[in-house]
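These notes are about the structure you will find just below.
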Ligand code: HAM
């Protein structure tokens, strides 16, 4: 509805004296910017992604965890990091009626860690694996593949710092992507070091940035050079990218144990045949990462190229008040994967039951019900129409078979079965037709 129309409606509603004959036109209510409704086939693609994730992740012993959408703001501020764009600019934060600051989850990891700690699930030597599927909220500028409410398939593994676990989650992600039919995606990997080697790297970065002409970095990065220089490596501003290209590299600054960890991860990926690129600037947008980070990208979905991302976060459980338990995980952006699946053929329904005579409507519905009870999928017409228009509709729905039920068939207890693939048409008793289905 146009703003002018909305204005006229509200003007008349508020200024006209209410007369008994007055017709009130209700203003339409639209969805919030960046919050999308998902109709079929997009919702079918979402269901397909979810079902595939459940099946593939199940093979790796990952079980489902459902956490709340709303959490205390402090969880994200502390967990994700106060210097990140997510916490500084993108959170949906508000006071609840009790005056507490709460936030719609911008990602799942912090909530999963909180639930893991709070439930006391951890036991020494135990590896716990969880997946979470659902909506996340970030107040970003909406564009293709970037929404304010978006959906993630998220996986977290707690209880081991073995590089084999990093490799396993990446291989599981690759298996998932292959299972949904997407094999041409690029894996980028990096190691961000640990609390032992990172301070030295921070210092080298700070020295490098402080030796530069101040005008070479954007205002945000100028601030970051003092607060969190690693974040500068992540900046999307072209001038900052030029500066970063010449900056010291984390690869050259890893301590021996981080280097061994990373080399082991890469050698397992090599042995498993997973192709990847090393990207020394992959720091990711969240502060909790240590050691391995990775991202999966596609060049076919517009400016937002990352379809999944993750990494190791060994200090996060402690940072959120839990025991010293390492963790690693990733999240897949469902909207972006759905863009890649956009051309996917929807599953074909088995039948369309065309009722040709008013008197056959009840019988048609009951027969369709029996077919569905036997596992077939399809629809039945709720109004009698001509065979021509019904067949047109059946073709439009893309079903395999059109069943025709008119007055003649009703009287004889038969049904006309027409294959929409071959055009072949036969009439047979309904009981016989049902018997062929078992
Ligand atoms: P992230 O990189 O912020 O990581 O998000 C993961 C994926 O979510 C992105 O690669 C992208 O596909 C999708 N995504 C992010 N923001 C949007 C948006 N505004 N609209 C549409 N899709 C979006 C995390 O969230 C970490 N929690 C991942 C993780 C789990 N790391 C360890 N465990």
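In the working numbering, the protein residues as written are 43 to 480.
Glycine included, C-beta positions come from ideal geometry on N, C-alpha and C.
Please read all numbers here as calculations on a predicted model, not as lab measurements.
When distances are taken from the beta-carbon of residue 414 to the heavy atoms of the ligand HAM, even the shortest one reaches 8 Å or more.
Taking the Cβ of residue 106 as the reference point, every heavy atom of the ligand HAM lies at 8 Å or farther away. In the three-state DSSP reduction, residue 423 falls in the coil class, being neither helix nor strand. Under the 10 Å beta carbon count, residue 479 is surrounded by fewer than 16 other beta carbons and is classified as exposed.
Separation of residue 76 and residue 185 (C-alpha to C-alpha, rounded to the nearest whole angstrom) is 8 Å. In this structure, residue 306 places its C-beta atom within 9 Å of the C-beta atom of residue 205. The DSSP assignment places 134–137, 143–146 as complete runs of the beta strand (DSSP E) inside the region 127–171, in order along the chain (cut-off: 3 residues).
Of 146, 247, 68, 201, the smallest CA-CA separation from residue 367 is found for 201.
Residue 353 is bridged by DSSP to 335, 371.
Residue 354 places its beta carbon 9 Å or farther from that of residue 125. Taking 8 Å as the upper bound for CB-CB distance, residue 381 and residue 226 are not in contact here, some 14 Å apart. For residue 340, the number of other beta carbons within 10 angstroms of its own is at least 16, and it is reported as buried. Residue 292 has its Cβ no nearer than 8 Å to any heavy atom of the ligand HAM.
Relative to the Cα of residue 158, the nearest Cα in the group 219, 364, 228 belongs to 364. If you draw a straight line from the Cα of residue 274 to the Cα of residue 282, it comes to about 7 Å. Excluding its 5 nearest sequence neighbours in each direction, residue 321 has C-beta neighbours in its own chain below 6 Å: 230, 232, listed in chain order. Three or more Cβ pairs closer than 8 Å define a contact, and the region 136–155 falls short of that threshold against the region 299–317. In the same chain as residue 193, and ignoring 5 residues on each side of it, the C-beta atoms closer than 8 Å to its own belong to 88, 175, 176, 177, 178, 375, 376, 377, in chain order. Sixteen is the threshold: since fewer than 16 other Cβ atoms of the shown chains lie within 10 Å of the Cβ of residue 408, the residue is exposed. At a cut-off of 8 Å, the beta-carbon of residue 374 counts as near the ligand HAM: some heavy atom of the ligand is closer than that.
Taken from the Cβ of residue 277, every heavy atom of the ligand HAM lies 8 Å or farther away. Remark: the shortest separation between the CB of residue 197 and any heavy atom of the ligand HAM falls under 8 Å. Of all C-beta pairs linking the region 83–101 to the region 120–139, fewer than three are shorter than 8 Å, placing the two stretches out of contact. A check of alpha carbon separations from residue 189 across 132, 242, 358, 196 identifies 132 as the nearest.
Considered as a whole, the region 211–296 harbours 228–233 as its complete beta strand (DSSP E) runs of no fewer than 3 residues, in chain order. According to the DSSP assignment, residue 476 belongs to the alpha helix (DSSP H) that extends over 472–478.
A distance below 6 Å between beta-carbons, with the five flanking residues on each side excluded, links residue 395 to the following residues of its chain, in chain order: 406, 410, 422, 445. Here residue 402 has 426, 447, 448, 449, 451, 452 as same chain residues with Cβ atoms under 8 Å from its own Cβ, once five neighbours each way along the sequence are excluded.
Counting the other CB atoms within 10 Å of its CB gives residue 169 a total below 16, which places it among the exposed residues. Annotation: residue 372 to residue 466 spans about 51 Å, alpha carbon to alpha carbon.
CA-CA distance, residue 289 to residue 134, rounds to 34 Å. Note that the C-beta distance between residue 107 and residue 181 is not below 9 Å. Shown here, residue 320 sits in a strand according to DSSP, grouped into three states. Contact between residue 235 and residue 296 holds, with the beta-carbon distance rounding to 5 Å and staying under 8 Å.
Residue 87: member of the alpha helix (DSSP H) spanning 84–101, first to last residue. Separation of residue 310 and residue 209 (C-alpha to C-alpha, rounded to the nearest whole angstrom) is 7 Å.
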